[in-house]
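Chains as they are written, first to last, in this note's numbering: chain A, 1 to 313; chain B, 1 to 313.
Comments concern the structure below.
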């Protein structure tokens, strides 16, 4: 079913929040209290969809819920609404309120009676050299709440720093920190030497943070500091078991250095960290090492945001 | 044969320069005029040496030359003398002259009469947070000549910027630019979209350089700018066929930005670019885009340097 079949329909209370990403399918059944009551997770991410039959897979996967609850009202944010996903949703420009996001939502009626409401992404057109984009994080920001005037950090493969104020998302910027970490730890000079520790090595992470924050002029930029994973090993100062956590601290710490230089924060500020995985704790540590006070967002910010935006559709 | 068998011997004129790297074996036969007269290249790099029988493979591979020329006098610099190679050679500390490098060379006598003279690496102990290291580039620097007082750039997976003056290598710094380019172009978000052009796209490379040099404060640091490969594609401004060359321009251009910030050069300076592959031309373009005048080193700097150092052993 193409995007032409999509149209906006009157409001309906969603009972499924769909988080269908590149590497994973995840659906959350929402109870009458607005909380997750059940979830279905499969490894059938967008990247594994060779036949493009998104509606068929969705219908089959959610059969147990449909049998119990009748036709499902599904809301979907994030990469499923991207060029590589089911249908390409527009990007709403900053500054944007939840109502602005709701106005760009599109509802698709599926065979069997289910509906899917796709939420749009967000673009910051003033970014250089090309408009910056997010898909999914805008929903997390709404779930966190836009009432405060502050900087919010959303860790991830492509981490986002956003400024919220007056009920709107004012602007944001992407940092590909997670991508650098993943590709270097798996495929670079250190991949052959590094041993993955069973539990995260907090001390090695902290040393990576410190290496990122070294303000001496000859400490160099990121391209130079990354080599310290190797030189530290050659010097007998970083063991193979410490390399991955040291690298993690180095790149996340460097993200904060770049964010400070870009005016997103400075020592003494309070920033929020919003996410639902282990990265949140690492970013909290990096923020504290940068002299920032930290407010932690709710783990279910994405669900809260999806429901809040859909309530305005 | 272990490192214990290595000892320094009186000077002998080498007739083979060995460039045995991680992914490739390369040996150059040197004629009486000191120029390469013949070469043997195989894909049997250090990484493929599962049995550790370096001397056996070397002896077999160079048999044709030994049959014609008798026992070979081989000189070896670079990664073959590293922890992952045949034997681990020491690093000479900066500042270092060719004589300092020669004093740390070690000669190994092989069964059959061949000798291998291993040249040391170089370390800059004042680097932060750990001593920086090079193996092989110091030999290229000697081959370029240390008589001038200038900055020399040696492109590569781990590019080196070095300061030479008064016949010595004063200091140097590593930039992992090539590693970032290789891992991102093969394994990141852009690997799925990018098409490798048959010929380099100079214009896309120049646009990447320009994106690196954008001095507006909100243009961000490297972690942000790398995302422009994706946002440019999403905005219809970068085609899949342009992505790889744009990324190349972006990361090499950023290396020059970091080098400027670190005091290695500033607009109007003359720098040398020394190497033997396609990177040299890309670095020349990046240098010129940075307002630098460029002296190009000889392609055979590594051979010249190996012979010059060995002549002092």
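Each residue gets a CB set at the ideal place from its N, CA and C atoms; glycine is no exception.
Computed from a predicted model, the values in this text were never measured in an experiment.
- Along the segment 252 to 275 of chain A, the positions whose C-beta sits under 8 Å from a C-beta of chain B are 254, 255, 257, 258, 261, 262, 263, read in chain order.
- Of all residues in the segment 118 to 137 of chain B, the ones placed with a Cβ closer than 8 Å to any Cβ belonging to chain A are 126, 127, 128, 129, 130, 131, 132, 133, in chain order.
- Exclusion of the five residues before and after residue 206(A) leaves 249, 285, 289 as the residues of its chain whose Cβ lies within less than 8 Å of its Cβ.
- Sequence-ordered contacts of the segment 38 to 58 of chain A with chain B read 47 [C-beta pairs closer than 9 Å].
- In the structure shown, residue 238(B) adopts coil according to DSSP, grouped into three states.
- Residue 177(A) is a Cβ neighbour of residue 223(B), given a cutoff of 7 Å.
- Secondary structure of residue 217(B) (DSSP, three-state): helix.
- Look at the beta carbons and you see the segment 135 to 152 of chain A touching the segment 86 to 98 of chain A: at least three pairs across the two are nearer than 8 Å.
- For the set 49(B), 113(B), 56(B), 244(B), the Cα lying nearest the Cα of residue 180(B) is the one of 244(B).
- Residue 153(A) is positioned such that its CB atom lies closer than 7 Å to that of residue 283(A).
- With a 10 Å radius around the Cβ and a threshold of 16 neighbouring Cβ atoms, residue 126(A) comes out exposed.
- At a cut-off of 7 Å, the C-beta of residue 152(A) has no neighbouring C-beta in chain B.
- Residues of the segment 225 to 252 of chain B with a C-beta less than 7 Å from any C-beta of chain A: 226, 227, 228, 231, 232, 234, 235, 237, listed in chain order.
- In this structure the segment 297 to 313 of chain A does not touch the segment 128 to 135 of chain A; the number of beta carbon pairs closer than 8 Å is below three.
- Cβ-Cβ separation between residue 193(B) and residue 309(B): approximately 46 Å, too far for a contact (criterion under 8 Å).
- The segment 268 to 279 of chain B makes no contact with the segment 71 to 83 of chain B, as fewer than three CB pairs between them are under 8 Å.
- Of all residues in the segment 158 to 177 of chain A, only 158, 173, 174, 175, 176, 177 come within less than 7 Å of chain B when Cβ atoms are compared, listed by chain position.
- In the DSSP assignment, residue 281(A) falls within the unbroken alpha helix (DSSP H) covering 279 to 289.
- For residue 24(A), the closest Cβ of chain B is not nearer than 7 Å.
- Residue 35(B) sits in coil when the DSSP states are folded into three classes, being neither helix nor strand.
- At a beta-carbon threshold of 7 Å, the residues of chain A lying near residue 189(B) are 179, ordered along the chain.
- In this structure, the beta-carbon distance from residue 294(B) to residue 273(B) falls below 7 Å.
- With respect to chain B, the C-beta atom of residue 114(A) has no partner C-beta closer than 7 Å.
- Interface flag for residue 279(A) against chain B is unset, since no Cβ pair is found closer than 7 Å.
- The secondary-structure analysis by DSSP pairs residue 152(B) across a beta bridge with 162(B), 272(B).
- A direct Cα-to-Cα measurement between residue 182(B) and residue 18(A) gives close to 35 Å.
- Here residue 37(B) is exposed. Its C-beta has fewer than 16 other C-beta atoms within 10 Å.
- Only 210, 211, 214, 216, 217, 218, 219 from the segment 208 to 219 of chain B bring a Cβ to less than 9 Å from some Cβ of chain A.
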